[in-house]
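Residue numbers (my numbering), protein chains in the order written: chain A, 297 to 669; chain B, 11 to 388. Where is the CB? At the ideal position from N, CA and C, for every residue including glycine. Values in this document were obtained by computation on a predicted structure and should not be read as measured data.
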Amino acid sequence: MKNKQAIASNTTTINVDSDSIVQQSTLDANRVAMHMVIENSLKATKDTPITYSKLEKIKYKVWAKIVPWLYISPFLIAILVFSVYPIFNTLFMSFKEDYNYINGDYSGIGFGNYEDLFDNRFFIQAIGNTLTYVVLVVPITLAFAILFASMLNKQMKGKALFQTAFFLPLVTSSIAIGYVWQFIFSGNGLINWFVGLFGAESIPWLTSSKYSMFVLVSYGVWNGIPFATMILLSNMQRINKRYYTSARMDNASSWQQFKKITLPMMIPTILVLAVLNMLSSLKVFNDVFVLFNGEPGPFSNLYTLVYFVYQNLQGGGSRGTAAAVAILLMMIAFIGAIVVFALRNFRKINFTKIFKRREKLNGITSTLDTQQQ
Amino acid sequence: MKIVLEGITKEFKSKDGSNYAVKDLNLEIKDGEITALLGGSGSGKSTTLNMIAGILPTTSGKIYFGDQDITNFPMEKRNVGYVFQDYLLYPNMSIFDNIAFPLKLQQYAGYANKFGLDKGASWLQNRKSKKLDIRQRVESIAEILQLTPLLNRRPSTLSGGQQQRVAIARALIKEPAVLLLDEPFSNLDARLSLALHEELLQIQKRTGVTTVYVTHNQEDAMFVSNSIAILKDGTCMQNSSPQELYTNPRNFYVANFIGKLPINYVSGQIVDGKFVSDDAHIQIELLAENKIDDRQSVLVCFRPEGAEVAKYREEQFEALVVNNSFHGKDVMLKVKAGNTFMTVVHTRVIDEPQSKVGIAINPKYIKFFDKSTGESLK
Numbered sequence: 297m298k299n300k301q302a303i304a305s306n307t308t309t310i311n312v313d314s315d316s317i318v319q320q321s322t323l324d325a326n327r328v329a330m331h332m333v334i335e336n337s338l339k340a341t342k343d344t345p346i347t348y349s350k351l352e353k354i355k356y357k358v359w360a361k362i363v364p365w366l367y368i369s370p371f372l373i374a375i376l377v378f379s380v381y382p383i384f385n386t387l388f389m390s391f392k393e394d395y396n397y398i399n400g401d402y403s404g405i406g407f408g409n410y411e412d413l414f415d416n417r418f419f420i421q422a423i424g425n426t427l428t429y430v431v432l433v434v435p436i437t438l439a440f441a442i443l444f445a446s447m448l449n450k451q452m453k454g455k456a457l458f459q460t461a462f463f464l465p466l467v468t469s470s471i472a473i474g475y476v477w478q479f480i481f482s483g484n485g486l487i488n489w490f491v492g493l494f495g496a497e498s499i500p501w502l503t504s505s506k507y508s509m510f511v512l513v514s515y516g517v518w519n520g521i522p523f524a525t526m527i528l529l530s531n532m533q534r535i536n537k538r539y540y541t542s543a544r545m546d547n548a549s550s551w552q553q554f555k556k557i558t559l560p561m562m563i564p565t566i567l568v569l570a571v572l573n574m575l576s577s578l579k580v581f582n583d584v585f586v587l588f589n590g591e592p593g594p595f596s597n598l599y600t601l602v603y604f605v606y607q608n609l610q611g612g613g614s615r616g617t618a619a620a621v622a623i624l625l626m627m628i629a630f631i632g633a634i635v636v637f638a639l640r641n642f643r644k645i646n647f648t649k650i651f652k653r654r655e656k657l658n659g660i661t662s663t664l665d666t667q668q669q
Numbered sequence: 011m012k013i014v015l016e017g018i019t020k021e022f023k024s025k026d027g028s029n030y031a032v033k034d035l036n037l038e039i040k041d042g043e044i045t046a047l048l049g050g051s052g053s054g055k056s057t058t059l060n061m062i063a064g065i066l067p068t069t070s071g072k073i074y075f076g077d078q079d080i081t082n083f084p085m086e087k088r089n090v091g092y093v094f095q096d097y098l099l100y101p102n103m104s105i106f107d108n109i110a111f112p113l114k115l116q117q118y119a120g121y122a123n124k125f126g127l128d129k130g131a132s133w134l135q136n137r138k139s140k141k142l143d144i145r146q147r148v149e150s151i152a153e154i155l156q157l158t159p160l161l162n163r164r165p166s167t168l169s170g171g172q173q174q175r176v177a178i179a180r181a182l183i184k185e186p187a188v189l190l191l192d193e194p195f196s197n198l199d200a201r202l203s204l205a206l207h208e209e210l211l212q213i214q215k216r217t218g219v220t221t222v223y224v225t226h227n228q229e230d231a232m233f234v235s236n237s238i239a240i241l242k243d244g245t246c247m248q249n250s251s252p253q254e255l256y257t258n259p260r261n262f263y264v265a266n267f268i269g270k271l272p273i274n275y276v277s278g279q280i281v282d283g284k285f286v287s288d289d290a291h292i293q294i295e296l297l298a299e300n301k302i303d304d305r306q307s308v309l310v311c312f313r314p315e316g317a318e319v320a321k322y323r324e325e326q327f328e329a330l331v332v333n334n335s336f337h338g339k340d341v342m343l344k345v346k347a348g349n350t351f352m353t354v355v356h357t358r359v360i361d362e363p364q365s366k367v368g369i370a371i372n373p374k375y376i377k378f379f380d381k382s383t384g385e386s387l388k
């Protein structure tokens with residue numbers, strides 16, 4: 297009751313026959329009563345602290361340790377069984393020389409499998425082909441994806457149609473696409489018909505070692521564009537449109553707007569896409585298999601690392617060799633990812649010191665210039 | 011540069027017909043002054059600013075910068091510096107690069123021309139001198155805006171006020187004809203916006219650039235402006251200095267809009283050279299200079315500080331004290347005179363219940379408005 301009186305005396309409100317003021321004061325009273333109830337209940341919990349026995353405390357501690365693991369167990373078990381175990385198994389397998397998969401015999405443990413690899417002509421070829429493929433496919437795919445994304449980002453007629461056309465490869469089976477491409481590039485296929493229109497001789501796209509890499513790369517680029525375009529487009533649409541208004545007011549051409557605003561703001565996404573695309577390109581296998589009827593190119597000239605693994609697992613070859621290649625592929629992918637992300641950190645290097653020093657030099661030279669004149 | 015808006019209209023067409031964001035707006039912004047466009051939401055103040063900048067095209071009417079008609083100029087040719095409400099600094103560039111951005115885009119050879127370097131100078135030398143020129147200009151503007159220690163930092167490491175100064179620097183570095191600011195104080199807390207009031211005035215004074223900004227806060231507009239244009243429903247109600255607006259509002263809307271405390275108003279009639287309120291409780295003698303017809307319905311307005319509890323002046327009418335609110339130096343008394351409530355300045359709290367006070371109004375502070383049109387009566 298004391299509280300209520302204190303509050304009442306604090307207010308300078310004087311009761312005139314006005315409804316709102318009467319209401320106000322009753323509201324105040326309610327609030328005070330509510331506060332008292334809450335205060336009392338708080339006091340009650342303070343006075344009687346809850347006590348636990350030692351056993352209960354230990355039980356609680358142990359349970360608190362177990363529960364988080366139970367929550368992540370479904371995912372953890374799947375990862376352990378399907379990822380971690382195979383990786384380590386492959387690693388061990390790659391060191392077992394003359395490994396017999398059926399009865400588990402091996403002649404010794406060492407780097408024999410790896411040494412054999414570098415004597416293998418097809419392996420050297422596979423490494424060369426795979427790296428060429430990655431180096432060509434990743435930048436070309438990203439360049440086209442940026443181009444298409446910025447085209448789709450603009451208002452234009454038939455936008456929905458283009459969008460559907462771009463994203464179609466994402467939902468089509470790669471085997472089906474492969475057969476279509478085989479038709480397009482075959483001896484009397486679509487492209488050769490087009491070439492024939494200009495009176496040129498038909499080009500043996502799929503049956504000559506000269507052009508097979510070109511076909512493989514263009515297939516890879518075409519396959520990789522939709523995903524990258526989709527991600528880049530969604531990123532582009534997130535950029536605040538008013539940055540462009542601001543830049544236009546500063547007299548920026550549309551190329552300058554793209555160079556100074558769009559591209560820098562998309563760099564993190566582009567790097568992630570580069571890594572993803574690099575990883576999938578390193579594993580190139582389907583494309584070769586489908587385009588060349590299950591052969592590694594017309595004259596066995598398009599071995600890729602995964603194709604090499606596949607062939608060694610399939611028959612004839614040894615499982616130890618296949619495991620060694622798989623481990624090498626993993627290491628290449630790892631190094632590649634590190635390199636791409638290092639590119640990102642490259643931008644964070646503090647250039648200001650270097651810049652300042654160079655500016656000083658520039659200043660000296662330019663003052664010298666003016667003095668000479 | 012003087013800005014003249016001549017009957018500009020902005021019409022937004024929609025399915026249910028068209029609505030006007032700005033309708034036949036006439037406004038003259040004087041050279042080298044700082045002008046606030048003040049209005050509630052939907053008053054068309056931002057639309058007006060965007061039309062001056064060229065972000066939005068006008069439906070009709072003309073815009074002049076100086077004597078030049080720039081109505082159909084694209085925004086990049088108008089040479090305006092525009093500071094966006096959310097500053098829009100480029101997050102991937104340092105502060106230096108952000109400020110230098112407009113200069114880097116221009117193909118100019120200011121420094122090279124000055125020293126005759128461009129004649130026969132190699133491409134590399136020109137490039138060098140351009141770089142040096144940019145650096146000098148950025149450093150000089152950074153000094154004016156006190157940004158020199160921040161030049162190497164990124165926008166994300168700056169406070170809101172600092173970011174705004176960078177945005178202003180970026181707008182000013184290309185030496186624009188006019189500086190336009192969209193809601194410059196709305197993203198800042200109260201203390202910081204007070205500090206920025208001073209700063210914006212200082213910057214404007216030093217550079218002398220014609221400045222227009224949009225605000226919905228009349229206190230900001232009062233502090234930082236040579237003149238205020240009050241917009242309502244896309245038309246300008248009054249464009250004059252803050253003092254003039256406060257003491258001589260042209261119509262009832264302006265009188266009611268301006269002022270931290272709402273203006274007091276009593277409706278009534280003129281009877282025999284005397285104002286009589288509707289409930290006949292309040293009667294005020296007209297001054298000789300007030301030439302108002304007899305029997306005209308009018309609104310009488312006066313500021314809270316224009317009325318006082320009768321002590322030194324003759325009491326004009328009696329009122330009942332309803333509420334006190336304490337404001338440090340003054341106490342605002344809410345009183346009821348007849349059927350109308352009004353606020354009066356007083357020096358002490360009156361908390362005896364139902365106390366009656368006599369109210370006196372300084373006749374100099376009284377404004378008369380036509381009740382039907384809302385226009386001021388002289």
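Which residue wins for smallest C-alpha separation from residue 407 of chain A, given the options A:523, A:637, A:619, A:631? Checked all of A:523, A:637, A:619, A:631; the closest Cα to residue 407 of chain A is A:619.
If I'm right that residue 54 of chain B touches residue 90 of chain B with Cβ under 8 Å, what's the distance once you round it to whole angstroms? Their Cβ separation, rounded to whole angstroms, is 19 Å, which puts residue 54 of chain B and residue 90 of chain B out of contact at 8 Å.
For residue 330 of chain B, which of B:360, B:14, B:235, B:73 has the nearest alpha-carbon? Among B:360, B:14, B:235, B:73, the Cα nearest to that of residue 330 of chain B belongs to B:360.
Can you have a look at residue 525 of chain A and say buried or exposed, based on whether 16 or more other CB atoms are within 10 angstroms of its CB? By the beta-carbon neighbour count (other beta carbons within 10 angstroms, threshold 16), residue 525 of chain A is buried.
Suppose contacts are defined by Cβ-Cβ distances below 8 Å. Is residue 152 of chain B in contact with residue 179 of chain B by that definition? The answer is yes: Cβ separation under 8 Å.
Considering only the beta carbon of each residue, do residue 430 of chain A and residue 529 of chain A sit closer than 8 Å? Not a contact, by the Cβ cut-off of 8 Å.
For a contact meaning CB atoms closer than 7 Å, what does residue 102 of chain B contact in chain A? Those are 560, 561, listed as they occur along chain A.
Runs of 3 residues minimum, wholly inside the segment 577-623 of chain A: which ones carry the beta strand (DSSP E) assignment? DSSP runs (the beta strand (DSSP E)) wholly in the segment 577-623 of chain A: none.
Measuring straight from C-alpha to C-alpha, what distance separates residue 124 of chain B and residue 139 of chain B? Any reading at residue 124 of chain B must be qualified, since the residue scores a pLDDT of 47, below 50, and its modelled position is unreliable; the value itself is stated next. Take the alpha-carbon of residue 124 of chain B and the one of residue 139 of chain B: they are about 10 Å apart.
Please list, in chain order, the chain A residues whose beta carbon lies closer than 9 Å to that of residue 85 of chain B. By Cβ distance, chain A contributes 541, 544, 545.
What residue range does the beta strand (DSSP E) around residue 21 of chain B cover? Looking at the DSSP string, the run of the beta strand (DSSP E) that includes residue 21 of chain B is 13-24.
Thinking C-alpha only, which one of B:379, B:289, B:136 is nearest residue 301 of chain B? From the listed residues B:379, B:289, B:136, the smallest Cα separation to residue 301 of chain B is found for B:379.
Closer than 8 Å by C-beta to residue 304 of chain B: which residues in its own chain qualify, once you throw out the five before and the five after it? Chain order, please. So the qualifying residues of the chain are 280, 281, 282, 283.
Rounded to whole angstroms, what is the Cα-Cα separation between residue 262 of chain B and residue 272 of chain B? One C-alpha to the other measures close to 12 Å.
Give me the Cβ distance between residue 327 of chain B and residue 310 of chain B, rounded to the nearest whole Å; I'm assuming they're in contact under 8 Å. That belief does not hold up - the Cβ atoms of residue 327 of chain B and residue 310 of chain B are roughly 12 Å apart, past 8 Å.
Residue-level contact to chain A via CB, residue 155 of chain B, 8 Å cutoff: Not closer than 8 Å to any Cβ of chain A, the Cβ of residue 155 of chain B fails to qualify, so no.
Residue 468 of chain A: which of A:331, A:523, A:609, A:624 sits nearest, CA to CA? When C-alpha distances from residue 468 of chain A are compared across A:331, A:523, A:609, A:624, the shortest belongs to A:523.
Run through the segment 428-509 of chain A for me and flag every whole alpha helix (DSSP H) of 4 or more residues, listed as ranges in chain order. If one requires a minimum length of 4 residues, the alpha helix (DSSP H) runs lying completely within the segment 428-509 of chain A are 455-467, 470-481, 486-493, in chain order.
Within 8 Å of any Cβ in chain A, is that where the Cβ of residue 78 of chain B sits? It does not; no Cβ of chain A falls within 8 Å.
Please list, in chain order, the chain B residues whose beta carbon lies closer than 8 Å to that of residue 557 of chain A. Neighbourhood of residue 557 of chain A in chain B, by CB distance below 8 Å: 100, in chain order.
Straight-line Cα distance separating residue 443 of chain A from residue 557 of chain A: Rounded to whole angstroms, residue 557 of chain A to residue 443 of chain A spans 15 Å at the Cα level.
Residue environment, residue 470 of chain A, which counts as buried when at least 16 other CB atoms sit within 10 Å: Exposed, by the Cβ-count rule.
Note down, in chain order, each residue of its chain lying with its Cβ closer than 6 Å to the Cβ of residue 625 of chain A, except the 5 sequence neighbours on either side. Once the five neighbours on either side are set aside, the close Cβ partners of residue 625 of chain A are 601.
Taking Cβ-Cβ distances shorter than 8 Å, what residues in chain A pair up with residue 67 of chain B? Under the 8 Å cutoff, chain A gives no residues; its nearest Cβ is about 13 Å from residue 67 of chain B.
Relative to the alpha-carbon of residue 391 of chain A, which residue among A:504, A:399, A:412, A:381 has its alpha-carbon at the smallest distance? Among A:504, A:399, A:412, A:381, the Cα nearest to that of residue 391 of chain A belongs to A:412.
Are any of the Cβ atoms in chain B nearer than 8 Å to that of residue 619 of chain A? It does not: the Cβ of residue 619 of chain A has no partner Cβ on chain B nearer than 8 Å.
Quick check on DSSP: helix, strand or coil for residue 247 of chain B? Of the three classes helix, strand and coil, the one that applies to residue 247 of chain B here is strand, per DSSP.
Below 8 Å between beta carbons: does that hold for residue 105 of chain B and residue 157 of chain B? Result yes, Cβ atoms of residue 105 of chain B and residue 157 of chain B sit closer than 8 Å.
Whole angstroms are fine: how far does the CA of residue 420 of chain A sit from the CA of residue 482 of chain A? Going by C-alpha positions, residue 482 of chain A is about 28 Å away from residue 420 of chain A.
Local Cβ density within 10 Å of residue 583 of chain A, reported as buried at 16 or more and exposed below that: Buried, because 16 or more other Cβ atoms sit within 10 Å of the Cβ of residue 583 of chain A.
Of all Cβ atoms in chain A, is any one closer than 8 Å to the Cβ of residue 184 of chain B? Judged by the 8 Å Cβ criterion, residue 184 of chain B is in contact with chain A.
Against residue 90 of chain B, what residues of chain A qualify as contacts under a CB-to-CB distance less than 8 Å, listed in chain order? For residue 90 of chain B, the chain A residues whose Cβ falls inside 8 Å of its Cβ are 545, in order along the chain.
Using a Cβ cut-off of 9 Å, pull out every chain A residue sitting near residue 228 of chain B, in sequence order please. Within chain A, no residue comes near residue 228 of chain B; the closest Cβ sits about 27 Å away, beyond 9 Å.
In the DSSP assignment, what residue or residues form a beta bridge with residue 223 of chain B? DSSP, once it has assigned bridges, lists B:46, B:191 as partnering residue 223 of chain B.
Strictly below 8 Å CB to CB, what residues from chain A border residue 116 of chain B? Neighbours of residue 116 of chain B on chain A, chain order: 547.
Which whole-angstrom value describes the C-beta separation of residue 334 of chain B and residue 341 of chain B, a residue pair presumed to lie in contact below a C-beta threshold of 8 Å? For a cut-off of 8 Å, the C-beta gap from residue 334 of chain B to residue 341 of chain B is around 6 Å, short enough to register as a contact.
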